[in-house]
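Those letters in the sequence shown? Residues 0 to 319, by numbering that gives the first Met the number 0.
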Amino acid sequence: MTGTATRTASMREAWGATLVALGEEDPRTVVLDGDLASSTKADAFAAAHPDRFLQMGIAEQNLVGVAVGLATTGLVPWLSSFGVFFSHRAVDPIRMLVAQTDANVKIAAGYTGVCFGMAGKSHHDHADLAVMRAMPRMTVLAPGDAVECEAFTRWAHDHDGPVYLRLARDPGPSLPVGVTSGDTAVGPLRALRDGPDGVLVSTGAQTARTLEAAELLAADGLDLRVLHAPTIKPFDERGLVEGCADQPFVVTVEEHSTYGGLGGMVAEVTSAGPRPLPVHRIALEDTWVETGSNDYLLERYGLSARAVAARVARLAGVSR
């Protein structure tokens, strides 16, 4: 069973527009940026609400500390920068000041994964889910399209506690309504496609490419279920077990390292379930990512729709 994908705005554009609206609706909303407002689209908030926008410069650790201070006064601070600067450069104050104190701070991590190709390995962020989901009290979200990003941004703003929101840079397909739910609620897995021959589980912007791979495989006679996991933490363990209950195998696909991401989490859950299943992981291996165009990198590291379809076909013993 399939859905129709259409082009949509980028997640960063959706996030920026949603923050502008939240600023109008809630005077507690403030945005702190790490000298990247035009890239992350925090500049939209700066233009609309200049009195509640703080340009902190290239000083991410200080940015986090100031945000925690603002949160203690009752404001709702949003942090804006590239994901790699949060999950690596500023990880100590996020751990010590945000997560350990349960501070009401929202982290909008832009340009995550490998689809930031020409910036090189210093800017590629493919370990952030592992870092952030290991922190107690940290909610970790990875929306799959702009529509989901808007809904998750609003949810994060209303949620009392720290949130890490993983955002992709470029426009992409909008996800279909799905077979079990068109809901964009935080928490549950979304079944986007149904089929009896195996399960593909994906997250974030990679889900659209995974869904496309499933359609390619359907033409070869392999009919797969596709589960989208936009909420990394807290993870929908029950939904995963139920979604895999009648399936022969599971393949996880993620624009993230094999270490500590979606694949390991799915393996942990399914291995403890009533019927353990083989879990195959398609992700970045133990490597630093090269510099190149997004299309080149997705193909090079096996994350394009074509590459995913070829890998799954081999696992299932189907020729294509």
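All C-beta atoms, glycine included, are put in the ideal place defined by N, C-alpha and C.
Identity of the residue in the options nearest residue i by Cα
| i | options | result |
| --- | --- | --- |
| Thr17 | Arg27, Phe44, Ser37 and Gly33 | Phe44 |
| Val162 | Ser303, Thr71 and Pro76 | Pro76 |
| Leu239 | Pro273, Gly119 and Val97 | Pro273 |
| Lys120 | Pro92, Asp34 and Gly291 | Gly291 |
| Gln60 | Ser79, Ala304 and Ala129 | Ser79 |
| Arg224 | Glu236, Val252, Gln246 and Gly194 | Gly194 |
| Gln246 | Thr269, Arg88 and Glu236 | Thr269 |
| Thr251 | His227, Arg280, Cys243 and Arg237 | Arg280 |
| Leu62 | Leu174, Val185 and Asp32 | Asp32 |
| Arg88 | Ile57, Asp294 and Cys243 | Ile57 |
| Val198 | Ala108, Leu276 and Glu24 | Leu276 |
| Leu215 | Arg192, Arg165, Ala308 and Val19 | Ala308 |
| Gly73 | Asp159, Tyr258, Gln54 and Ala126 | Asp159 |
| Gly112 | Asp196, Lys40 and Trp287 | Trp287 |
| Val83 | Ala36, Tyr110, Ala70 and His156 | Tyr110 |
| Ala212 | Leu297, Glu147, Tyr258 and Thr100 | Leu297 |
| Thr257 | Val30, Asp157, Ala126 and Gly15 | Ala126 |
| Asn103 | Met95, Ser37, Ala66 and Asp91 | Ala66 |
Residues that DSSP places opposite residue i in a beta bridge
| i | result |
| --- | --- |
| Leu140 | Leu164 and Thr230 |
| Ile281 | Val252 |
| Lys105 | Trp77 and Val162 |
| Asp348 | Since the first and last residues shown for the chain are 0 and 319, residue 348 lies out of range. |
| Val198 | Arg224 and Val249 |
Residue i (DSSP reduced to helix, strand or coil)
| i | result |
| --- | --- |
| Gly263 | helix |
| Thr257 | coil |
| Ala212 | helix |
| Arg94 | helix |
| Pro49 | helix |
| Val113 | coil |
| Thr28 | strand |
| Thr3 | Residue confidence for Thr3 is low, a pLDDT of 36 falling below 50, so the modelled location carries little weight; the figure read from the coordinates is stated next. The answer is coil: DSSP assigns Thr3 none of H, G, I, E or B. |
| Ala190 | strand |
| Ser321 | Outside the displayed span of the chain (0 to 319) sits residue 321, for which this structure offers no information. |
| Val63 | helix |
| Leu174 | coil |
| Ser38 | helix |
| Val130 | helix |
| Gln205 | helix |
Cβ-based neighbour list, residue i, same chain, cut-off 7 angstroms, excluding 5 preceding and 5 following
| i | result |
| --- | --- |
| His48 | Gly22 |
| Gly260 | Leu128, Ala129, Glu253 and Ala282 |
| Glu149 | Ala13 and Thr17 |
| Phe115 | His122, His123 and Arg168 |
| Cys243 | Val198, Val249, Thr269 and Leu276 |
Own chain, CB closer than 6 angstroms to residue i, minus 5 neighbours either side, in chain order
| i | result |
| --- | --- |
| Ala145 | Thr7, Ala8, Met10 and Ala13 |
| Ile93 | Val63 |
| Tyr300 | Leu283 |
Residues near residue i in its chain [Cβ-Cβ closer than 8 angstroms; skip 5 each side]
| i | result |
| --- | --- |
| Met264 | Arg132, Ile231 and Phe234 |
Distance between beta carbons of residue j and residue i, contact taken as under 8 angstroms
| i | j | result |
| --- | --- | --- |
| Ala312 | Asp219 | 7 angstroms |
| Phe85 | Ile106 | 6 angstroms |
| Ala167 | Pro135 | Not confirmed; about 26 angstroms, so no contact. |
| Pro229 | Ala141 | 6 angstroms |
| Val249 | Val200 | 6 angstroms |
| Ala207 | Gly171 | 5 angstroms |
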